[in-house]
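Chains as they are written, first to last, in the numbering used here: chain D, 106 to 424; chain U, -2 to 278. From the three backbone atoms N, C-alpha and C, an ideal C-beta is built for every residue, glycine too. Okay, structure first, notes after.
Below you can see the structure in the form of structure tokens.
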């Protein structure tokens, strides 16, 4: 991974990256979905994080060759996307965001078919289809028509078809969409297992911070068609103890305004709880003092562990 | 124990060379089509004319007095045979072709296909191949077999030698017939997510253009406007290919331009519609 820059700055492209983009722009008419994006994704599990409409899926689709960028160049596993799209697609697996399957097929026929399309021999494809369907937890339902599957099962079968040809790199676009909590946990466990134990590089594209935090060590954060932060999640979160959860007895909005005026990064998490980032050299006393100056009373102040959500909020400038 | 603990293994086998995905798509398409009962019925029915004509050939070759009758086999026999198979071409095109791309679009399968190592041309070739196989099976194949039956029953090559143009004529006409039907249907199929709607569109194109031609013919008392109808244009070309008097006043070159133009237009539509992502700018 080439997150060599400071945690909140877009990283520099390195030669050994699994995926790299240089000054890539993608426009739909006059609207830019990617604007001069330079980023890199190293080996292992990397999260591609961002709010809806940030450009995450567009980036994946551009890397797959579905969308031609208006400018810039992209490389996947050392191969240029514009010059060698088929070689790249033979080595990657793509799990699309929305429902996708071949109509009228059972799960095992569909996954086997995808294996054959990816270049496996029919016998190998069928054997792998059975294996990956067991792996994703659809072993017992593999002879059922895919169209009769529940949303969660459809998510699993999308993962199975992406895995059947044993790709070196997986693009997972919102893999837990529409899943119940148990199914979501199992899906995340699978993704974590693939990235950590099975040696599959993966890019997990999601707007769900806990999903990314659970499965990935590194993250690229996007907002408004740009990369706004990149690096190891631990670094992006910042040092422990500089974040405080604060609740005032009254005057919540006044306190937020006062903290922000004092230069603290402050964002609300609940109805009356805010998370305040205290700069280096300052501490809880300063928070109490500032509240007292405003004539307010703090009823709750607790040191907190910085989360990816904090880093994300800082990166995208959310309040 | 979660079932996924049964493990995931890396694949160590060999892979097929690239460029065969169209064959995979075509085979899967044929398999799933043959699983439909109604289609099997239509396919069987489409060979009824072949059987009838083979029986007639048997009688005309066995009983010499029939050889000079209206039942005698000649070039016109094959022309009529292919023309009468048009009804089966129509039904098979609708039953097999309507959902070929429309169903994939409905199920968002295009992004699955195009995320695999295959080109858009391979995808189209696979889908076209599925329909072509069935259409060839009700046009070219029975026509050629009919020619073979005639030769076998006659016990000599006199008929084939006397009508040497028949083999290429059958091949060229059947090719135009199935290519026109296949690409027109695939283009329409790529425009919608509903196979039913595609069927209606296809039938509409065929019947509406024929109706327009009929109306124009009635109004101007001449058949020069056959170019408005793809089926009439194909019929005009067929007459020339089989060396029978053309049925319309339209120059055959114009009819050929209509048929080839329609195929080219369909390919253009497919080129624009078959994409991994639908971009609405």
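- Item | Where the alpha helix (DSSP H) containing residue 320 of chain D begins and where it ends | 314 to 320
- Task: Per DSSP, which residues does residue 336 of chain D bridge with? Please list them.
- Result: D/324
- Task: Kindly list the residues whose CB is nearer than 7 Å to the CB of residue 210 of chain U, restricted to its own chain and excluding five residues on each side of it in sequence; keep chain order.
- Result: 222, 223, 225, 226 and 229
- Query: Under three-state DSSP, which class holds residue 259 of chain U?
  - Reply: helix
- Quick one: give me the first and last residue of the alpha helix (DSSP H) that residue 284 of chain D is part of. That residue, residue 284 of chain D, is in no alpha helix (DSSP H); it is neither H nor E in DSSP.
- Message: If contacts are defined as beta-carbon pairs under 8 Å, then residue 264 of chain U and residue 178 of chain U qualify, I think. What distance do you get, rounded to the angstrom?
- Response: With 8 Å as the limit, residue 264 of chain U and residue 178 of chain U do not qualify as a contact, their Cβ atoms being about 14 Å apart.
- Mapping DSSP to helix, strand and coil, what is residue 67 of chain U? coil
- Expected contact under 8 Å - CB spacing of residue 267 of chain D and residue 164 of chain D to nearest Å: The Cβ separation is near 17 Å, so there is no contact.
- Message: With a threshold of 9 Å between beta-carbons, can residue 112 of chain U be considered close to chain D, or not?
- Response: yes
- Residues bridged to residue 370 of chain D by DSSP? D/382
- Straight-line Cα distance separating residue 257 of chain D from residue 240 of chain D: 15 Å
- Query: Should residue 328 of chain D and residue 159 of chain D be called a contact, given that it needs their Cβ atoms to be closer than 9 Å?
  - Reply: yes
- Quick one: is residue 150 of chain D near chain U, going by C-beta distance under 9 Å? no
- Neighbour list for residue 237 of chain D in chain U, Cβ cutoff strictly below 8 Å: 5
- Item | Within-9 Å CB hit, residue 161 of chain D to chain U | no
- Query: In chain order, what residues of the region 22 to 48 of chain U put their CB closer than 7 Å to some CB of chain D?
  - Reply: 25 and 29
- Is the CB-CB distance between residue 167 of chain U and residue 131 of chain U below 9 Å? no
- Query: Three-state secondary structure (DSSP) at residue 74 of chain U?
  - Reply: helix
- Residues bridged to residue 353 of chain D [DSSP beta-bridge criterion]: D/403
- Can you check whether the CB of residue 49 of chain U is closer than 9 Å to the CB of residue 70 of chain U? no
- Task: Would you list, in sequence order, the uninterrupted alpha helix (DSSP H) runs of no fewer than 4 residues that lie entirely inside the region 188 to 269 of chain U?
- Result: 192 to 217 and 227 to 238
- Is the CB-CB distance between residue 321 of chain D and residue 177 of chain D below 9 Å? no
- Report the three-state DSSP secondary structure of residue 256 of chain D (helix, strand or coil). helix
- Sub-9 Å separation of residue 350 of chain D and residue 379 of chain D beta-carbons: yes
- Message: I'd like to know whether the C-beta atoms of residue 181 of chain U and residue 260 of chain U end up nearer to each other than 9 Å.
- Response: yes
- Query: Is the region 331 to 338 of chain D touching the region 380 to 399 of chain D in the sense that three or more CB pairs, one from each, lie closer than 8 Å?
  - Reply: no
- Determine whether the Cβ of residue 10 of chain U lies closer than 9 Å to any Cβ atom of chain D. yes
- Message: What would DSSP say about residue 377 of chain D, mapped onto helix, strand or coil?
- Response: coil
- Message: How far does the alpha helix (DSSP H) with residue 162 of chain D in it extend, from its first residue to its last?
- Response: 161 to 169
- Since residue 129 of chain D is in the beta strand (DSSP E), which residue starts that stretch and which ends it? 124 to 133
- Item | Collapsed DSSP secondary structure at residue 160 of chain U in the structure displayed | coil
- Every unbroken beta strand (DSSP E) inside the region 133 to 216 of chain D [3 residues or more]: 136 to 146, 150 to 154, 176 to 181 and 197 to 200
- Item | Cβ neighbour criterion (16 or more within 10 Å) applied to residue 129 of chain D | buried
- Look at the alpha carbon of residue 126 of chain D and the alpha carbon of residue 338 of chain D, and state the distance between them as a whole number of angstroms. 20 Å
- So which residues on chain U does residue 204 of chain D lean against when the C-beta distance must stay under 8 Å? 104 and 105
- Per the contact definition of three or more C-beta pairs closer than 8 Å, is the region 300 to 316 of chain D in contact with the region 28 to 46 of chain U? no
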